[in-house]
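Every position in the sequence shown, counted from 1, becomes a number in this note's numbering once 3 is added. The structure appears below as C-alpha cells.
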Amino acid sequence: MNKLVVELYQKKLPTQLAACVQSVNKSSYSTLYISKISNEDFENLVSRTKSTARQLGGIAIYERKKEGAVDLGFAYVEGYLVFSQSPILIENAIRVYNATPSPNYRVRNPRLFEFVTIKSDAGNLWVNYKQLSQTKIPLFAMLNKIPVLKDLAVSAVLDISMSNERISLSGFTLDTVGKQWGLYRFQNQTPVKIEAVQYVPGNTQAFVHFGISNSRTFFSEDPADSLRMQSEEIGVCMLEQDRYVIILKLKQNSAIRNSEYVESYSGYDVLKMPGRALNLMEALLPRGEYVYFMQKDKYIFVAEEASELRNLIDAIEADETWGRSVSFQNFFESSLQEGNVSFFFTPRTLFGEGTADWKPLLDSMGLSATQWGSIQFNSLDNHFYTNANFVLGAKEKSSKTVTSKKSFQLSSSPASVVNVKNHVDGSGELLLQDSTFKLFLFSMKEGVQWMYALPEKVVQVQQVDYFRNGKLQYLITTASYTYLIDRLGRDVQGFPVKPNLKFRFSEVVDYDKSKNYRFLFGGVDGDIYLFDKAMKPLEGWSPKKLPATLLFSPRHYRIGGKDYFVTLTTDGQIHLLNRKGDYENGFPLQAAKNISGDYYLYVGNSLATSFIYFTTPTGEVHKIGLDGKRVSEYLVRGKQSVFFLVATLAGKSEFFVVRIDADKLAVFNKTNQLIFERENPGSQRIIPGAIMVGDEPYYCFFDVEQNLSYVYDKKGSVMLGKPLETTLYPVFNIDSKSKKATIFTIYENQVSVTPLN
Numbered sequence: 004m005n006k007l008v009v010e011l012y013q014k015k016l017p018t019q020l021a022a023c024v025q026s027v028n029k030s031s032y033s034t035l036y037i038s039k040i041s042n043e044d045f046e047n048l049v050s051r052t053k054s055t056a057r058q059l060g061g062i063a064i065y066e067r068k069k070e071g072a073v074d075l076g077f078a079y080v081e082g083y084l085v086f087s088q089s090p091i092l093i094e095n096a097i098r099v100y101n102a103t104p105s106p107n108y109r110v111r112n113p114r115l116f117e118f119v120t121i122k123s124d125a126g127n128l129w130v131n132y133k134q135l136s137q138t139k140i141p142l143f144a145m146l147n148k149i150p151v152l153k154d155l156a157v158s159a160v161l162d163i164s165m166s167n168e169r170i171s172l173s174g175f176t177l178d179t180v181g182k183q184w185g186l187y188r189f190q191n192q193t194p195v196k197i198e199a200v201q202y203v204p205g206n207t208q209a210f211v212h213f214g215i216s217n218s219r220t221f222f223s224e225d226p227a228d229s230l231r232m233q234s235e236e237i238g239v240c241m242l243e244q245d246r247y248v249i250i251l252k253l254k255q256n257s258a259i260r261n262s263e264y265v266e267s268y269s270g271y272d273v274l275k276m277p278g279r280a281l282n283l284m285e286a287l288l289p290r291g292e293y294v295y296f297m298q299k300d301k302y303i304f305v306a307e308e309a310s311e312l313r314n315l316i317d318a319i320e321a322d323e324t325w326g327r328s329v330s331f332q333n334f335f336e337s338s339l340q341e342g343n344v345s346f347f348f349t350p351r352t353l354f355g356e357g358t359a360d361w362k363p364l365l366d367s368m369g370l371s372a373t374q375w376g377s378i379q380f381n382s383l384d385n386h387f388y389t390n391a392n393f394v395l396g397a398k399e400k401s402s403k404t405v406t407s408k409k410s411f412q413l414s415s416s417p418a419s420v421v422n423v424k425n426h427v428d429g430s431g432e433l434l435l436q437d438s439t440f441k442l443f444l445f446s447m448k449e450g451v452q453w454m455y456a457l458p459e460k461v462v463q464v465q466q467v468d469y470f471r472n473g474k475l476q477y478l479i480t481t482a483s484y485t486y487l488i489d490r491l492g493r494d495v496q497g498f499p500v501k502p503n504l505k506f507r508f509s510e511v512v513d514y515d516k517s518k519n520y521r522f523l524f525g526g527v528d529g530d531i532y533l534f535d536k537a538m539k540p541l542e543g544w545s546p547k548k549l550p551a552t553l554l555f556s557p558r559h560y561r562i563g564g565k566d567y568f569v570t571l572t573t574d575g576q577i578h579l580l581n582r583k584g585d586y587e588n589g590f591p592l593q594a595a596k597n598i599s600g601d602y603y604l605y606v607g608n609s610l611a612t613s614f615i616y617f618t619t620p621t622g623e624v625h626k627i628g629l630d631g632k633r634v635s636e637y638l639v640r641g642k643q644s645v646f647f648l649v650a651t652l653a654g655k656s657e658f659f660v661v662r663i664d665a666d667k668l669a670v671f672n673k674t675n676q677l678i679f680e681r682e683n684p685g686s687q688r689i690i691p692g693a694i695m696v697g698d699e700p701y702y703c704f705f706d707v708e709q710n711l712s713y714v715y716d717k718k719g720s721v722m723l724g725k726p727l728e729t730t731l732y733p734v735f736n737i738d739s740k741s742k743k744a745t746i747f748t749i750y751e752n753q754v755s756v757t758p759l760n
C-alpha cells in the first residue's frame, strides 16, 4: 500500500481505492487518489495535519508544506477524499467535477462501462492508451516506431489477477473507426496462430507479432506486385540500438521475385530483394530499408543489413532463440496462442534512461521483478479481447549460498584449464593440462575420459566440426605443433602438424559458417600465418609480417559484408587486414603503447560505425572508430589505482572497465559509469573477469596471492555466500537453452562445479 495512503488513513485503511496515474511529462508522473470517507473522518484528518486551506470552485483544498514546498494536498468532494502529492492534479479533478457536461473518463468512454467486470479479483485497471504511449518507458517508445501502433487504441478496462509468480490482466479494449491506423484495422481479422516466435533470436528486447487472416481486406490498397508475397504472420524482432529483424510467414505460392544472390552463410543463402518490396507492409514495420533476406521452412527473415541475418543464423544454429528458451516456453504456454496484435517483451523494455521516476510505480505494482511480459489483442465483434501477463522472478537477495556443489579429485594438479563443449549432450567439460604437459578431458559426470601426452605447454584450444557431421574435435596449438584430437582422444588423420614455427596465438576462421575452416596463427616475432583446413599456407599469409610483436591474437570480424582481421601490437598500433592480407586504407592506426587488459571491438554496419575500445593502466578509456575518429575519457581514480578493460569470457559479447585500488575494487560500464565499488580483499595481484548470462552480468575477481575467487552480481552483491578456493582462474559454462550458468573451480588437484544461478 502506498505510504501516503497509510499516512492519511493510519490503521483504518480503505477497502476500496482508486489511483489515477497521470503523466506530468515524458519522464515522470504523479498519482491522484480517491476513496470514500465519512465527514467525521475527514474532519479528524484536517485537525491532525498541519495544513492550510484555499478555495477552488467552492471546494476547499488543504495543503501541507515541507521545507517550503507542498508535499500533500487533499479535498473533500461529496463523500470522497481526493488527495495527491501534486496540488495541480487536485485542481484538475475539481475542475472536471464542476464542469458541465463533465469531461471525465466515464463520460468520454461510455461503452467501456458496459462491460461486466469481476468483483472478487484484485481490482480493475482502466487505461487511456494515448497517455500511456507518451511515457518514456522504453517499451512504448519502441512500439511508437511502428506506424500502426502510434495511435493504438482509445481505452480499456482490465480485471487484475495476482499471485507471487504472475500478474495477469484480462478485459476489453476499444478503438475508434476512421483513423489512418490503429487496432480497428484488425477488426475483421481472425486471430492467427503465433508460430514465428520460435525463431526470435535470444538478444531480442521485444517481439511484435501481427496476425492477418485476410491480407486483401486488411490492406486497402493492394499493388499487384506486392500481392505476390502475402504473409499471415508478420513479426518484428526489436534488437538493441534500433536494429530489427522482420519475420514473415509466407502463404502458399507466395514468393519474392527478382531477388539477387548476396552470399551463402552456414548453409543459408542470403539474398537481396528489389527496393520497396515490403512497401505494402510499411505501416507494420519500423522505418527502414529492409532488403536483405533469407528463408527457412515457410518463413523469410528480412533485415537492413546482411550482418543481422548472419547473427540470426548463428542464433538459430546455436539454439539461442526464444523457441529454445525453457523460461520463455513456460511463459508462452500461459499466453494466448493465437492473436491479431501481440507484444512479447523482456525486463529491459520496462526500465531505461530517463525512467527512474517511473520505477517506484512499477515497484508498487510488482512489475520490477518481471522476467517475461506480454500484451495481446484479439478481434472480437466490434472490440478487442485484451490479455496481459507478467511472469515474476524471485525477489533479489544480497547473496546466494552454495548449493549442489560437486567435487572430484585428480591425480595431479592442473596447470591450465579450458572449458569445452560435449557435442553429444551440449554439457560443459574441461580440458586440463598438468605441469608435465599431459592433457586430460574431464567430465563431472564421468571424471577423466582420456589422457594425451603433449611435449609442451598448450597455447590455445578451439573446437571445430572438421568433418561437418555435428561432432566436435579439439584444435590444440602448442608453440611448435598443431593437434586435431577427436572426442575419444585420438589424432585426426593428418595431424599433428609441425610447421617449424613458434606460435603464440591461434584462431579458427569460418568465413561463411560453411565449416571450410582457415587456421590463423600468430608467431612470437609478430608474424601472422593463415592455413587452409589441411594446414597448407595461403597466399599473402606465409607470413604477413607486422612491424612489432603481437599484443593480442589476430581475430576475424565480418563488417559491412566484408571479412577483416584485427590485431594490436606492442608499438601501440591497430592493424586492419582484409582476406588477402592487405592493409585497409588508413591502417595501421596509432592507438596507445600501454594498453591494459583486453580490447573490445564493437561491430557496426560499416568501418565508420565500428569502434575499438581499450584502456590504459591510468584509466584513460579510448574509443577509436575504424575510420580513424577517436575520443577518450579519464575514469575516476582511487588509491594506487590500476585499470583493466575486461571483455566477457562467456555469454553475450560485452565489456567493462575494472579499477583495482589498494583498498577497493570498482566496475564501470561501457559508458564509463560506475556500477559498483567494493572492498579489496587485500591484494594487488587480482585478475578480473566477467560473463553475461542472458542480460545479467556476473563479475569474478581471482586473488592470486590468497587463492580465492570472488563472484559478484550486477549490483555488486557477493554470490555463493563466500569466496571460492581456487589456484587457477575459474572457468564458466552457460547452457544455451536453459541459461543456467555453472562455475568450474580448480584448487590444487580438486575440481569443483557450482551452480551460479
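Quick reminder that beta carbons are idealized off the backbone N, C-alpha and C, glycines included. In this text, all values refer to a predicted model and were calculated from it rather than measured experimentally.
Around the C-beta of residue i, are 16 or more other C-beta atoms found within 10 angstroms, so that it is buried, or is it exposed?
{"i": "GLU311", "result": "buried"}
{"i": "SER755", "result": "buried"}
{"i": "GLY450", "result": "exposed"}
{"i": "TYR65", "result": "buried"}
{"i": "ARG313", "result": "buried"}
{"i": "LYS139", "result": "buried"}
{"i": "ASP706", "result": "buried"}
{"i": "VAL160", "result": "buried"}
{"i": "THR621", "result": "exposed"}
{"i": "THR220", "result": "exposed"}
{"i": "THR757", "result": "buried"}
{"i": "ALA744", "result": "buried"}
{"i": "GLN412", "result": "exposed"}
{"i": "SER377", "result": "buried"}
{"i": "TYR701", "result": "buried"}
{"i": "TRP264", "result": "The sequence given here has Tyr at residue 264, not Trp. Result: exposed."}
{"i": "GLU307", "result": "buried"}
{"i": "GLU399", "result": "Residue placement at GLU399 is flagged as unreliable, the pLDDT there being 46, under the threshold of 50; a coordinate-derived value is accordingly withheld."}
{"i": "LYS742", "result": "buried"}
{"i": "SER613", "result": "buried"}
{"i": "ARG109", "result": "exposed"}
{"i": "TRP544", "result": "buried"}
For the alpha helix (DSSP H) holding residue i, just list the boundary residues, first then last.
{"i": "THR220", "result": "218–221"}
{"i": "MET145", "result": "141–146"}
{"i": "ASN47", "result": "42–51"}
{"i": "ASP317", "result": "309–320"}
{"i": "ILE97", "result": "90–101"}
{"i": "PRO363", "result": "362–367"}
{"i": "ARG111", "result": "108–111"}
{"i": "VAL329", "result": "329–335"}
{"i": "SER686", "result": "Element bounds for SER686: n/a, residue is neither H nor E."}
{"i": "LYS409", "result": "Counting along the chain, LYS409 falls outside any alpha helix (DSSP H), though it belongs to the beta strand (DSSP E) covering 409–412."}
Between residue i and residue j, how many whole angstroms is the CB-CB distance? I'm expecting something under 8 Å.
{"i": "ILE250", "j": "TYR302", "result": "6 Å"}
{"i": "ALA144", "j": "GLY185", "result": "Between GLY185 and ALA144 the Cβ distance is about 18 Å, and since that is not below 8 Å, they are no contact."}
{"i": "LEU523", "j": "PRO557", "result": "6 Å"}
{"i": "THR481", "j": "LYS505", "result": "Rounded, the Cβ-Cβ distance is 10 Å, inconsistent with contact."}
Would the C-beta of residue i count as close to the ligand SAM, meaning under 7 Å from any of its heavy atoms?
{"i": "ASN217", "result": "Among the ligands in the structure shown, none appear at all, so the ligand SAM cannot be discussed."}
Hey, quick one: how far does the beta strand (DSSP E) through residue i stretch, first residue to last?
{"i": "LEU283", "result": "Where LEU283 is concerned, there is no enclosing beta strand (DSSP E), given that its DSSP letter is neither H nor E."}
{"i": "GLN753", "result": "753–758"}
{"i": "SER712", "result": "711–715"}
Check whether the stretch 566–581 and the stretch 521–531 are in contact - that is, three or more C-beta pairs closer than 8 Å. Yes: at least three Cβ pairs fall under 8 Å.
So, does the stretch 201–214 touch the stretch 256–275, judging by three or more C-beta pairs under 8 Å?
no
- Message: With three or more C-beta pairs closer than 8 Å as the rule, is the stretch 510–530 touching the stretch 490–497?
- Response: no
Requested in this report: Pick out the complete alpha helix (DSSP H) segments inside the stretch 150–199, 4 residues or longer, and give them in chain order.
Outcome: 150–153
- [ ] Would you be able to state if there are at least three C-beta pairs under 8 Å between the stretch 52–61 and the stretch 30–41?
- [x] no
Can you check the stretch 431–485 for any beta strand (DSSP E) of at least 3 residues that lies completely inside it and give the ranges in chain order? 431–437, 441–446, 450–456, 461–467 and 476–481
- Item | Contiguous beta strand (DSSP E) assignments of at least 3 residues, all confined to the stretch 625–661 | 633–637 and 645–650
**OP:** Evaluate the contact criterion for the stretch 283–300 versus the stretch 168–181: three or more CB pairs, one atom per stretch, below 8 Å.
**Re:** No, the stretch 283–300 does not touch the stretch 168–181.
Contact between the stretch 672–679 and the stretch 642–656: three or more CB pairs below 8 Å? Result no; under three Cβ-Cβ pairs closer than 8 Å.
Within the chosen definition, does the stretch 324–333 reach the stretch 198–206 through at least 3 CB pairs nearer than 8 Å? yes
What residue ranges within the stretch 571–609 form continuous beta strand (DSSP E) runs of no fewer than 3 residues, ordered along the chain? 576–581 and 603–605
**OP:** Would you be able to state if there are at least three C-beta pairs under 8 Å between the stretch 715–728 and the stretch 686–693?
**Re:** no
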